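Here is the structure we will look at.
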Amino acid sequence: MSKYNYLTHEGYERLKAELEEMKTNGRLEVARAIAEAREKGDLSENAEYDAAKDAQGMLEMKINEHERALANAKIIDESQLDTSKVTVLSRVHLMNHKLKKEQEYLIVSESEADLKLNKISINSPIGQGLLGKEKGDKVEISTPAGIMVLEILNISLG
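The numbering of the sequence shown is our numbering, which starts it at 4 and goes up by one.
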């Protein structure tokens, strides 16, 4: 999987800090929970032990995902971005013709996506549909909720 994970400098630093936290404190907490559960006797019928081992597996999976994201990271220099077309870190002001209202999204990498903050992944259906489009373009995008018609009103930097 040689797909790049485009990140802002802040996103890269946040991901790195989360990884370090999981590797140190997260692993320590899980190890402590496993040790406590072991002390309670028979492991074959110990639900606390099973839960602690599951938590350990989930933590290691998250650590692996963060390490992969950082290994494939490309830090984007916002000063080098062009606002004539939609790219990663474009803030796109849209008219949603289906909902008949204006919307604004920041196109970001998957690891930085947060719909509550109007940050959508470049790999989402909307992100993919807008990529490379210009101001004034109307785009039909197939989403799980149906076809959306979006008109690009403006493109600026994040």
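Just so you know, even glycine gets a beta-carbon here, dropped at the ideal spot from N, CA and C.
These figures come from a predicted structure and were not determined experimentally.
Separation of Lys19 from Lys56, as counted between CA atoms:
Position 53 of the sequence shown holds residue 56. Position 16 of the sequence shown holds residue 19. So the two alpha carbons sit approximately 25 Å from each other.
CB-CB under 7 Å to Ile66, same chain, minus the five flanking residues each way: which ones, in chain order?
As a first step, residue 66 is located in the sequence shown; it is residue number 63 there, counting from the start. Correct list, in chain order: Leu22, Met25 and Lys26.
At the level of alpha carbons, what is the spacing between Ala148 and Leu156?
As a working mapping, residue 148 is identified with position 145 in the sequence shown. As a working mapping, residue 156 is identified with position 153 in the sequence shown. If I take the Cα positions, the gap works out to 23 Å.
Best match in Thr146, Asn126 and Met98 for proximity to Leu153 [C-alpha to C-alpha]:
Within the sequence shown, the letter at position 150 stands for residue 153. Closest by alpha carbon: Met98.
At the level of alpha carbons, what is the spacing between Arg41 and Met61?
Your numbering for residue 41 matches position 38 in the sequence shown. Your numbering for residue 61 matches position 58 in the sequence shown. C-alpha separation (whole angstroms): 19 Å.
Can you give me the Cβ contacts of Glu107 inside the same chain, cut-off strictly under 8 Å, excluding the 5 residues immediately before and after it?
Taking the first residue of the sequence shown as position 1, residue 107 is located at position 104. Correct list, in chain order: Arg94, Val95, His96, Leu97 and Asn121.
Give the range of the beta strand (DSSP E) segment to which Gln106 is assigned.
To locate residue 106, count along the sequence shown from 1; it is residue 103. Segment Lys104 to Val111, the beta strand (DSSP E) holding Gln106.
Alpha-carbon to alpha-carbon, Leu134 and Val142
The residue given as residue 142 occupies position 139 in the sequence shown. The residue given as residue 134 occupies position 131 in the sequence shown. Roughly 10 Å separates the two Cα atoms.
Does the beta-carbon distance from Asn28 to Ser114 come in below 8 Å?
For the purposes of this step, residue 28 is identified with residue 25 of the sequence shown, where counting begins at 1. For the purposes of this step, residue 114 is identified with residue 111 of the sequence shown, where counting begins at 1. It is not a contact, given that the beta carbons lie outside the stated cut-off.
For Thr90 and Asn126, the rounded distance between their alpha carbons
Your numbering for residue 126 matches position 123 in the sequence shown. Your numbering for residue 90 matches position 87 in the sequence shown. For Asn126 and Thr90, the distance between alpha carbons rounds to 12 Å.
If I measure Cβ to Cβ from Thr146 and keep anything under 8 Å in the same chain, skipping five residues before and after, which residues do I get?
The residue you call residue 146 lines up with position 143 of the sequence shown. Excluding positions up to five away in sequence, the list reads Pro128 and Ile129.
Beta bridge counterpart(s) of Glu154 as assigned by DSSP
Within the sequence shown, numbered from 1, the residue matching residue 154 stands at position 151. According to DSSP, Glu154 bridges with Met98 and Lys141.
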